[in-house]
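One structure is given below, encoded as structure tokens.
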Amino acid sequence: MKILRSYPLRSVLLLLIAFIVLVVVANIMLFNAMPKPIRLQSLPTPDYGIADPRFQRSMGALLNYPLVEGNEVTVLRNGEAIYSAMIEAVDQAKHSVSFETYEFWGEDSAGALSDALVRAAERGVRVHALIDFIGSRSAAPEKFERMQAAGVEVELWRKPSWYQLARFNHRTHRKLLLVDGGVGFTGGANIANNWLPEGDKTYRDNHFLIRGPVVASMQSTFAESWLDARGDWLHGEAYFPELEQQGALTLQMVNSSPREGRHRMRPMLLYAISAAQSQITAATAYFYPDQAFLDALRDAAQRGVQVRILVPGDSIDQGYLRQASVNRWGEMLAAGVELYEYQPAMYHSKLISIDDQWASIGSTNLDNRSLRINGEANVNLYGEKGAAMIRELIDEDMADAERYTLEQWRQRGWSTRFWGAVGSIIGPHL
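So for the sequence shown, my numbering puts the first residue at 25; every next one is plus one.
Now the structure itself:
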């Protein structure tokens, strides 16, 4: 009673409300900052290689996506080629366009694509655009208003709302464009001016145009995201037409999200790395996986696999993440893992090829955010033709990279070590 007499009831209530708000905010921040649990606790130890039928059967069964024959893949290098091919495909759409991306801003990039989406909607095509709220925060609101006025169904992924604040940090990082359910695009490129030569910082990237039966799985991936975002069920001939074989490649779509049961990228990559017998060649914009993933790469090198990883150099757009990553390279370099830093521009592609028998392309970086927090989408390639094509793409860019040696790592300055330690605190979450 003395306490109540000392402090009026109103003050006590305000303190109680402030405490409750603090607890709620702390929990929301905790849920958003912490990566989802590492569900695969021990590394796979297959006694067979990538080319073995057991690997392919396991991949199909465990990832819940079939391996599909009869596909064709066309490589698109850098923004101008990527955007022009996308716009051309949208301008030819007759029934449906499904579009999902992280970054979406800039008149010359997002503006041009949004114009194409508007043209498609105005001629009666069903157009769905699922765009990440954070990635599009620099976009002019007029773009979205114009698309919606023309009939484009626009959804901003994880736009702040009271009922999903605990999932606000779970961004969609997928890069998907599906036209009439028969033409698909995926790869590393967002839709922003940085991917164009006249942008503030030019990005080096690869994207891929895909035709063939696997496009149905790509469309299904988008449909799942659209169902989560809007509650609409996409179905019928406009989205899932009968698809004929277009080429000789065997492909597999893989969709991943933080939800239980959909957390596929990390175990998929660890399984493939553990099955490698001769070479692992990877390229990524951001290299900050968990320790078990680093151990898998080190173990591969120690059993005689040539492991080469291409990352951005000083031109990286998130310097804190590079310094945090470099601090953890010592054991890998000592084990023989080869690390290369791309010099001419910000390297943004996400590619991996193993033993010239399996490769994966799409939106997934080798970092905690992609492997455990984001929604991601990749396409796997099986067989020598597809896997060698991806390795050769990385080899071409390695010609413009500088190898980072164990001696350089040992001689890095104390300021680099300090800022790397600071970066490691936030590196997994941003």
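In this text, a Cβ means the ideal position worked out from N, Cα and C, and glycines have one as well.
Note that the C-beta distance between R195 and N392 is not below 8 Å. Here the region 102 to 111 makes contact with the region 204 to 218; the two share three or more CB pairs at distances below 8 Å. In the structure shown, the three-state DSSP call for I74 is coil. Around the beta carbon of Q347, 16 or more other beta carbons sit within 10 angstroms, so the residue counts as buried. Scanning the region 383 to 412 from its first residue to its last, the whole beta strand (DSSP E) runs of 3-plus residues come out as 400 to 406. Boundaries of the beta strand (DSSP E) around R332: 330 to 336. V331 is classed as buried because its beta carbon has at least 16 other beta carbons within 10 Å across all chains shown. Scanning the region 154 to 190 from its first residue to its last, the whole beta strand (DSSP E) runs of 3-plus residues come out as 177 to 181. If you look at L375, you'll find it in the beta strand (DSSP E) that goes 375 to 378. For L233, the secondary structure class from DSSP, reduced to helix, strand or coil, is strand. Comparing alpha carbon positions, the residue from D314, L275, E179 closest to Q65 is D314. In the DSSP assignment, I111 is bridged to no other residue. Closest by C-alpha distance to N88, out of L375, W250, S241, P265, is S241. In the DSSP assignment, the residues bridged to Y312 are D391. In the DSSP assignment, L273 falls within the unbroken beta strand (DSSP E) covering 273 to 280. When F168, L233, I215 are compared, the shortest CA-CA separation from A113 is found for L233. By the beta-carbon neighbour count (other beta carbons within 10 angstroms, threshold 16), A401 is buried. S133 has no beta-bridge partner at all, per DSSP.
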